[in-house]
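For reference, the structure discussed in these notes is given below.
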Amino acid sequence: MKIQPLFDRVVLKAIEQESVTSSGIYIPDSNAKERPFIYEVVAVWPGKPDRDMSSISVGDKVLAGQYSWDEVKVGTNEFKVVAVEYILGKITD
Numbered sequence: 682m683k684i685q686p687l688f689d690r691v692v693l694k695a696i697e698q699e700s701v702t703s704s705g706i707y708i709p710d711s712n713a714k715e716r717p718f719i720y721e722v723v724a725v726w727p728g729k730p731d732r733d734m735s736s737i738s739v740g741d742k743v744l745a746g747q748y749s750w751d752e753v754k755v756g757t758n759e760f761k762v763v764a765v766e767y768i769l770g771k772i773t774d
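Shown next as structure tokens:
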């Protein structure tokens, strides 16, 4: 089963984050839940006529805020569906 978002929506899948930084600092769960999260883009719709969606593509890693999505469960997989304007940034190497 596939999810195809409509209009200006993007489907995201959470990427597990380390609870200890590379410098050895522990980040408790209560603190990490208040920060933006890193997601992988799994589906993008071409967008509305007035919305350019070309900056986001499947496989991109992005930051999205905690309360900006709708949660969807398909089988055993959990996804977030978010409007493109709630994506805070794209992570590049």
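All residue numbers for the sequence shown refer to this note's numbering, where the first residue is 682 and numbers rise by one. Think of the CB as a built atom: it goes at the ideal place given N, C-alpha and C, for glycine as much as any other residue. Here the structure is a predicted model, which is why all the values come from computation and not from measurement.
Alpha carbons only, please: which of the options is nearest the one belonging to residue i?
i, options, result
"Ile751", "Val765, Ser738, Val739 and Asp741", "Going by the sequence as given, residue 751 is Asp instead of Ile. Ranking Val765, Ser738, Val739 and Asp741 by Cα distance to Asp751 puts Val765 first."
"Ile639", "Glu721, Phe688, Lys683 and Val725", "No answer is possible for residue 639: the residues shown for the chain start at 682 and end at 774."
"Phe718", "Thr757, Val691 and Glu697", "Glu697"
Can you name the start and end residues of the beta strand (DSSP E) that residue i belongs to?
i, result
"Asp741", "Unbroken run through Asp741: none, as it is neither H nor E."
"Val753", "Asp751 to Val755"
Per DSSP, what kind of secondary structure is residue i in: helix, strand or coil?
i, result
"Tyr767", "helix"
"Phe688", "coil"
"Tyr720", "strand"
"Ile696", "coil"
"Lys729", "coil"
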